[in-house]
Amino acid sequence: MSANTESTSIDNKKLENFVMKSIGDMGSSICALMVMLGDRLGLYKALQQYGSLTSEELAQKTDTSERYIREWLASQAAADYISYDATSKKFTLAPENAMVLADEDSPVFTMGRLSISKIVI
Numbered sequence: 084m085s086a087n088t089e090s091t092s093i094d095n096k097k098l099e100n101f102v103m104k105s106i107g108d109m110g111s112s113i114c115a116l117m118v119m120l121g122d123r124l125g126l127y128k129a130l131q132q133y134g135s136l137t138s139e140e141l142a143q144k145t146d147t148s149e150r151y152i153r154e155w156l157a158s159q160a161a162a163d164y165i166s167y168d169a170t171s172k173k174f175t176l177a178p179e180n181a182m183v184l185a186d187e188d189s190p191v192f193t194m195g196r197l198s199i200s201k202i203v204i
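With the sequence shown counted from 1, adding 83 to any position gets you my numbering.
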């Protein structure tokens with residue numbers, strides 16, 4: 084420990100709160116990057132257009148690598164941006180989520196607000 088830490092009393096509740104906040108912020112940042120990636124590669128639009136798809140089908144329709152699409156889909160399902168049906172192994176973008184992520188004519192479409200995606204990726 085540094086001298087400053089040794090001489091300062093640590094409030095464990097504040098420490099725990101800050102650790103949880105920093106983990107949440109990192110998770111949010113990663114999720115935002117995954118959303119920008121989905122927008123940039125047209126993954127949300129493909130799910131909206133074609134309906135439920137497996138990782139192989141989405142990769143084929145978007146001319147992307149199935150291995151990376153599989154990981155992207157899993158992260159999006161874990162974040163509740165899309166849903167997954169284990170029986171059919173298909174992923175689905177709900178109509179409400181499509182309004183936010185894929186439908187450029189929707190009044191709640193947010194991807195245009197993430198214009199940094201054109202810079203970052």
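By construction, the Cβ of each residue, glycine as well, lies at the ideal position given by its N, Cα and C atoms.
Give me the Cα-Cα distance between alanine 177 and isoleucine 165, rounded to the nearest whole angstrom.
7 Å
Three-state secondary structure (DSSP) at threonine 145?
helix
What residues in its chain sit with their C-beta under 6 Å from that of alanine 185, if we drop five residues either side in the sequence?
Tyr127, Lys128, Gln131
Neighbourhood of asparagine 95 by C-beta distance below 8 Å, restricted to the same chain and skipping five residues each side:
none
Taking all protein chains shown into account, do 16 or more other C-beta atoms lie within 10 angstroms of the C-beta of serine 138, making it buried, or fewer, making it exposed?
buried
Considering only DSSP beta bridges, list what phenylalanine 101 is partnered with.
According to DSSP, which records beta bridges pairwise, phenylalanine 101 is partnered with nothing at all.
Once the 5 residues before and after methionine 182 are set aside, which same chain residues still bring their CB inside 6 Å of it?
Ser189, Val191
Determine, using beta carbons only, whether isoleucine 152 and alanine 161 come nearer to each other than 9 Å.
no
Determine the contact status of glycine 125 and threonine 175, defining contact as a CB-CB distance below 9 Å.
no
Using alpha carbons as the reference points, say which of Ile113, Met109, Glu149, Glu99 lies closest to glutamine 159.
Ile113
Going by DSSP in three states, serine 166 sits in which element: helix, strand or coil?
strand
Closest Cα partner of alanine 169 within the set Glu179, Leu156, Lys104:
Leu156
From methionine 117 to serine 111, what does the alpha carbon distance come to, in whole angstroms?
10 Å
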